Structures are given as C-alpha cells and as structure tokens.
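See below for the structure under consideration.
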Amino acid sequence: MIDTPWWDPDKFARRRPYLAGRMTVLEAVRGFFREQGFAEVETPALQVSPGLEPHLRAFATELDEPFRDGPRARVYLQTSPEFAMKKLLSAGEQRIFQLAKCYRNGERSATHHPEFTMLEWYRAGSDYRDLMKDCESLLRDCLTAVPAAL
C-alpha cells in the first residue's frame with residue numbers, strides 16, 4: 001500500500017475498535033427504539049431555512065436546477081432534524097427517531113466537529129418523565145452492548 005500524508009494504516013488499525021464500538025452503539029440505539037415501537041425516519045438534510053437558533057450557523061449552498069430558469073435557490077444543510085421531524089409529528093406520526101447527519105458551521109474543537117451524527121426522537125403524548133426513562137434505558141442498553149464489542 002502506498003503511504004500518503006492522509007492515510008496511516010497503523011493509525012487506522014489502532015482506531016478500528018472505535019469503529020466497531022460505534023457500530024455496536026448504533027445497533028443498540030436502533031434495537032432500543034424498535035422494541036419501543038418507534039419508526040426510524042430519514043428526513044432531508046437540505047433545508048430551505050437555516051433554522052431559528054441564533055447561536056447555530058448553517059452551511060449554505062446554491063441549488064442548481066438545470067431545467068429551471070431563474071436564480072438558484074439558496075438551501076442549507078440541517079443543523080438538526082428537529083424541524084423536519086416535527087412536520088411528521090404534525091402529520092400524525094406518534095413515535096419516531098432518527099440518526100441524522102447534521103452540520104454546524106463555526107463549531108470546531110476537540111469535542112466539536114462541523115459534521116456529526118445526532119440522535120433525535122419524539123414520543124407524542126408523553127411528558128419529561130417518559131423521556132427520562134427513555135434516556136436511562138437507552139444508555140443502559142448501549143453501555144451493556146459496547147463492552148461486548150470491544
């Protein structure tokens with residue numbers, strides 16, 4: 001294999017267990033929500049609005065539509081799937097979850113990356129106590145699953 005500045009086989013080999021652990025966590029998350037009767041949804045990452053949170057900066061791009069005359073439409077990569085998922089709730093969905101790719105411009109540090117995966121879920125007709133139970137059970141399932149994978 002050709003050695004390149006951006007590819008280090010030894011570094012990848014050392015990080016391989018993290019990849020396996022991440023896969024295990026994602027499987028545990030999906031399993032938890034399936035057992036609870038939630039539907040997994042996938043909403044569009046491109047949005048017509050950057051969102052209403054003043055502290056979040058969305059990545060913007062121009063949508064090139066080859067068969068449409070006129071100016072290009074400005075669209076944004078989602079900072080959260082919240083808005084699109086709430087549309088599904090208003091359409092009658094009761095229990096939904098999503099592991100969504102999200103993008104936030106201007107957030108970069110040792111613990112923040114501009115592109116990341118976010119878990120978002122909604123349980124219609126429930127209160128904060130139900131969501132706290134979800135959190136406790138979900139974390140328990142994930143923590144139980146990960147050591148077995150590593």
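Counting from 1, one number per residue, gives the positions in the sequence shown under the UniProt record's numbering.
Don't be surprised by glycine CBs; every beta carbon is placed ideally from N, CA and C.
This one's a predicted model, so the numbers in the text were calculated from it and none came from an experiment.
So, helix, strand or coil for residue i, using DSSP?
i           : result
residue 74  : strand
residue 145 : helix
residue 217 : Residue 217 falls outside the range modelled here, since the chain spans only 1 to 150, and no answer is possible.
Buried or exposed: residue i, going by 16 or more other Cβ atoms within 10 Å of its Cβ?
i           : result
residue 121 : buried
residue 12  : exposed
residue 91  : exposed
residue 44  : exposed
residue 147 : exposed
residue 67  : exposed
residue 132 : exposed
Under the assumption that residue i contacts residue j (Cβ atoms under 8 Å), give the Cβ distance between them as a whole number of angstroms.
i           : j           : result
residue 89  : residue 124 : 6 Å
residue 135 : residue 116 : With 8 Å as the limit, residue 135 and residue 116 do not qualify as a contact, their Cβ atoms being about 19 Å apart.
residue 41  : residue 94  : Incorrect: roughly 12 Å between the Cβ atoms, too far for contact.
residue 57  : residue 104 : 7 Å
residue 81  : residue 110 : So it is not a contact: roughly 25 Å between Cβ atoms.
Does the distance between the C-beta of residue i and the nearest non-hydrogen atom of the ligand NAD fall short of 7 Å?
i          : result
residue 52 : Annotation note on the ligand NAD: not contained in the displayed structure, which lists no ligands.
Contact the region 26-39 vs the region 68-76: 3+ CB pairs below 8 Å: No, the region 26-39 does not touch the region 68-76.
Suppose only complete runs of 3+ residues qualify. What are the beta strand (DSSP E) ranges in the region 50-133, listed by chain order? 60-63, 73-77, 95-103 and 115-123
If you pair each beta-carbon of the region 6-15 with each one of the region 61-74, do three or more pairs fall below 8 Å? no
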